[in-house]
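First the structure, in the form of structure tokens, and then the observations on it.
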Amino acid sequence: MKPQDYNETIAYIRKYYSDTPEVGIVLGTGLGGLVSRIEIEKQLAYNFIPHFPISTVESHFGKLIFGRIGQRRVVAMQGRLHYYEGYSMQQLTYPIRIMKLLGIQTLLLSNAAGALNPAFKRGELMIIDDHINLLPENPLRGHNLTDFGPRFPDMSRPYDPELIARAEAIAATAGTRVHKGVYVAVQGPNLETRAEYRWLRQMGADVVGMSTVPEVIVARHMGLRTFAISVLTDECDPDHLEPVALEDIVAVAQATEPQLTHIMHELIASL
Ligand code: HPA
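This is the structure in structure tokens:
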């Protein structure tokens, strides 16, 4: 993407929305409930925003939503983009760059993930404390845009410790069980084999999924405060692996979604 592209995208958005959003939100598969808590002020379809990724069939509903949650101004991506859909890493993370240029300081993400840690169960939540990137391409590869951030960004604490502590306190007050651990990002779209689950667990991951890490890398490159949480939709026990269908994953995500939405909502209120 060229500097001119960013300017054109921002100029288009600014025709319709002139306020400064403080918080960016990216919601995972089956986890769109937080959107219904936004007092919506403006919605822009991805298809009409210059240089935004052209939506694939699955995410043709993609919209950028501007509004308020309590006192906070937010911008939410309705319609997640995944690497397995065919986007390049630059396309996939372009909206995160744009949200930063619009003014956000904090980025909140959710996703559906499989539980590798045998102590973690389907339908529970895990706050992401760290990640392992197994995706085949890095969004920062190529010419570094120094206006956004350094060539070699630090990743010692990609997920904001203070936001993690606050989310844990919110969950405890609500009586919601939350774990904390390591998310490993894989390309997909197939789920993993038993041998792959065994290997991912051995390398130190607690959950596995197909998103989030590219957005977090780009967010940290730009110095955004980042928080992410996984809904555990299936148990990846290599010795007792059952076939999993996408419908099962979406059903578990939707059943757990209210607890996730509560944590995100209170976290935004606390900012
Ligand atoms: N593997 C990868 N991605 C996933 C899984 C899984 O088991 N469950 C939900 N997203």
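So the number in the numbering used here is just where the residue sits in the sequence shown, counting from 1, plus 236. Where is the CB? At the ideal position from N, CA and C, for every residue including glycine.
With DSSP as the reference, label Phe463 as helix, strand or coil.
Phe463 falls in the strand class under three-state DSSP.
Contact test: Thr469 Cβ vs ligand 1 heavy atom, cutoff 8 Å
Flag set: Cβ of Thr469 near ligand 1.
Tell me whether the beta-carbon of Leu344 lies closer than 9 Å to the beta-carbon of Ala407.
Cβ distance not < 9 Å, so Leu344 and Ala407 don't count as in contact.
Give the range of the beta strand (DSSP E) segment to which Tyr419 is assigned.
That run of the beta strand (DSSP E) goes Val414 to Ala421.
Using CA atoms only, rank isn't needed, just tell me which of His415, Ile334 and His318 is closest to Asn243.
The residue among His415, Ile334 and His318 with its C-alpha nearest the C-alpha of Asn243 is Ile334.
Under three-state DSSP, which class holds Gln307?
Secondary structure of Gln307 (DSSP, three-state): coil.
Can Val443 and Val418 be called in contact, C-beta distance under 9 Å?
Yes, the Cβ-Cβ distance between Val443 and Val418 is below 9 Å.
Let me check you understand the geometry: is the CB of Val418 closer than 8 Å to at least one non-hydrogen atom of ligand 1?
For ligand 1, not one heavy atom lies less than 8 Å from the Cβ of Val418.
May I ask you to report which of helix, strand or coil DSSP gives Leu270?
In the three-state reduction of the DSSP assignment, Leu270 falls in the helix class, which pools H, G and I.
Only counting the same chain, and skipping five residues up and downstream in sequence, which positions put a Cβ closer than 6 Å to that of Ser295?
With a pLDDT of only 46 at Ser295, under the threshold of 50, the placement of this residue in the model should not be trusted; the figure read from the coordinates follows. Cβ within range, chain order: Gly315.
DSSP on Gln341, reduced to helix/strand/coil?
Three-state DSSP puts Gln341 in coil, outside helix and strand.
Quick check: the stretch 412-431 against the stretch 368-388, are there 3 or more CB pairs under 8 Å?
Result yes; three or more Cβ-Cβ pairs closer than 8 Å.
Since Thr245 and Ile285 should fall inside the 8 Å C-beta cutoff, what is the C-beta to C-beta distance between them, to a whole number of angstroms?
Yes, Thr245 and Ile285 are in contact; Cβ-Cβ is about 6 Å, under 8 Å.
Please state whether the Cβ-Cβ distance between Ile305 and His498 is less than 9 Å.
The beta carbons of Ile305 and His498 sit no closer together than 9 Å.
Taking 8 Å as the cut-off, is the beta-carbon of Gly445 closer than that to any non-hydrogen atom of ligand 1?
For ligand 1, at least one heavy atom lies less than 8 Å from the Cβ of Gly445.
In the DSSP assignment, what residue or residues form a beta bridge with Gly445?
Beta-bridge pairing links Gly445 to Ala421.
Is the stretch 349-367 touching the stretch 274-282, taking contact as three or more C-beta pairs under 8 Å?
In short, these stretches do not touch, since the Cβ pair count stays below three.
Among Gly298, Gln327, Phe356 and Ile274, the one whose alpha carbon lies nearest that of Arg437:
Of the candidates Gly298, Gln327, Phe356 and Ile274, the one whose C-alpha sits nearest the C-alpha of Arg437 is Phe356.
Range of the contiguous alpha helix (DSSP H) that encloses Asp241:
Counting along the chain, the unbroken alpha helix (DSSP H) around Asp241 starts and ends at Pro239 to Tyr252.
DSSP-derived helix/strand/coil call for Ser295
Unreliable placement is indicated for Ser295, whose pLDDT of 46 sits below 50; no coordinate value is reported for it.
Does the beta-carbon of Gly350, which I'm using as the reference point, lie nearer than 8 Å to any heavy atom of ligand 1?
At least one heavy atom of ligand 1 is nearer than 8 Å to the Cβ of Gly350, so yes.
Is the beta carbon of Ile485 within less than 8 Å of some heavy atom of ligand 1?
In this structure, ligand 1 has a non-hydrogen atom nearer than 8 Å to the beta-carbon of Ile485.
Taking all protein chains shown into account, decide if His457 is buried (16 or more other Cβ within 10 angstroms of its Cβ) or exposed.
Here His457 is buried: its Cβ has 16 or more other Cβ atoms, across all protein chains shown, within 10 Å.
Spatial neighbours of Ile485 within its chain, please: CB distance less than 8 Å, with the 5 preceding and 5 following residues excluded, ordered by chain position.
Only residues of its own chain outside the window of five on either side were considered, and among them Thr265, Gly266, Ala348, Thr469 and Asp470 have a CB closer than 8 Å to the CB of Ile485, listed in chain order.
From Thr462, Met237 and Leu496, pick the residue whose C-alpha is nearest to that of Thr342; which is it?
Of all alpha-carbon atoms in Thr462, Met237 and Leu496, the one lying nearest the alpha-carbon of Thr342 is that of Thr462.
With 16 other Cβ atoms within 10 Å as the buried cut-off, status of Lys228
In the structure as shown, the chain begins at 237 and stops at 507. Residue 228 is therefore absent and cannot be evaluated.
Where Tyr240 falls, given that 16 or more other Cβ within 10 Å makes a residue buried:
Note that residue 240 is Gln in the sequence shown here, rather than Tyr. Counting every other CB atom within 10 Å of its CB across the protein chains shown gives Gln240 a total below 16, marking it as exposed.
Does DSSP put Asn347 in a helix, a strand or coil?
Taken through DSSP and simplified to helix, strand or coil, Asn347 comes out as strand.
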